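Oh and the sequence shown: position 141 is 141 in full-length UniProt numbering, straight run, nothing missing.
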Amino acid sequence: MPVLFRTALSSLSPLLACLLAWPASHAWANQPAQADAARLQAQVRSQVEARLPAGQAGQARIEVGALDMRTVGPNCTQLDVLLPPPERLRGRVQVGLRCDAPQQWATWVPVTIAVSVSYWVAARALPVGTVIEAADLLQRTGDEAALPRGAVQHADEAVGRVLMSRVPEGAPLTLHSLRQQVAVQAGQTVKLVVEGGSFQISSDGRALNQALQGQVAQVRTANGAVVRGIAGAGGVVRVQY
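Right under this line is the structure:
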């Protein structure tokens, strides 16, 4: 080997040794921090699962983001996980971490929660005034956080109700776009059913007001008395005693 090359190599050897050793020593130094981060993320995930409503934990996909380890002390033995209320555990949220021992520190970690739920969409374009039937609905599954507020999740929440706004084909139905059907109209002849513990009496009467199903209707009886009852399907008004 030429003398000049050996001289150059010998002068570089200490630098090469440092460069080769640095990644390994740096990786070993990072291992405790990585272990702490994994442990803290596991605690956050466990606390989020426990806070979700019953039956949803198994349906939820929880992704705990990276922690800023510059704000985190090692080997925390007294950790509080600060969660939003259960109803806000949807989509992307910030979860607080507070350690009291052996060092005091606090930080935030981003968490993404996707809860898969069933919901119902319009099987066809539905105009205003449509009385919803089962054939008008199709069931879909998706992330609850991506749905409009009040999305219909049970078919019986929609069937038999009336649309107050147009719904395009494939769009989710919402509770606030539906109302009960009108059960009785003012002036309509209705069937008045009076029920007690051991008796039931039926007679005809005339409705004095319009009422949706489940609303109170006033009915004038044949003898002129006015009674109040609950309007139901088929023009029936029930009075409980």
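The C-beta atom is built at its ideal place from N, Cα and C for all residues, glycine as well. Model, not experiment: these values are computed from the prediction.
Check	Outcome
Residue(s) in a DSSP beta bridge with Ile230	Val216, Arg238
From Ala38, Leu82, Val131, Arg61, residue whose alpha carbon lies closest to that of Thr107	Leu82
Beta strand (DSSP E) runs contained entirely in the region 104-129, provided each spans 3 or more residues	105-122
For Arg166, the nearest candidate out of Ser177, Ala135, Ala158 (CA to CA)	Ser177
N- and C-terminal bounds of the beta strand (DSSP E) containing Ser203	200-207
Exposed unless 16 or more other CB atoms sit within 10 angstroms - verdict on Cys18	Residue confidence is low: Cys18 scores 41 on pLDDT, short of 50, so the model does not pin down where it sits. Its coordinate-derived value is still stated next. When all chains shown are included, Cys18 counts as exposed.
Boundaries (first-last residue) of the beta strand (DSSP E) holding Gly62	For the record, residue 62 in the displayed sequence is Ile; it is not Gly. Per DSSP, Ile62 belongs to the beta strand (DSSP E) from 60-64.
Pro172 (DSSP reduced to helix, strand or coil)	strand
C-alpha distance - Gln59 paired with Ala114, whole-angstrom precision	8 Å
Reduced DSSP category for Gln181 - H, G, I as helix; E, B as strand; rest coil	coil
Nearest-angstrom Cα separation, counted from Ala35 out to Gly91	27 Å
Distance between Gly234 and Glu63 (C-alpha atoms, nearest Å)	51 Å
Burial state of Leu138 (16 or more Cβ within 10 Å)	exposed
Rounded separation between residue 265 and Leu192 - CA only	In the structure displayed, the chain extends from 1 to 241; residue 265 sits before or after that span and is not available.
According to DSSP, residues forming a beta bridge with Glu195	Gln200, Gln240
beta-carbon Ala38 near the ligand NAD non-hydrogen atom, thresh 7 Å	The ligand NAD is absent from the structure shown, which contains no ligands of any kind.
Sub-8 Å separation of Leu40 and Leu97 beta-carbons	yes
Whole-number beta carbon distance between Leu126 and Leu163, since they are thought to touch under 8 Å	6 Å
Rounded separation between Met69 and Val159 - CA only	53 Å
Nearest-angstrom Cα separation, counted from Ala101 out to Thr77	6 Å
Option nearest Ala186 by Cα separation, candidates Gln200, Gln210, Pro168	Gln210
Coarse secondary structure for Asp80, derived from DSSP in three states	strand
For Val236 and Phe199, the rounded distance between their alpha carbons	17 Å
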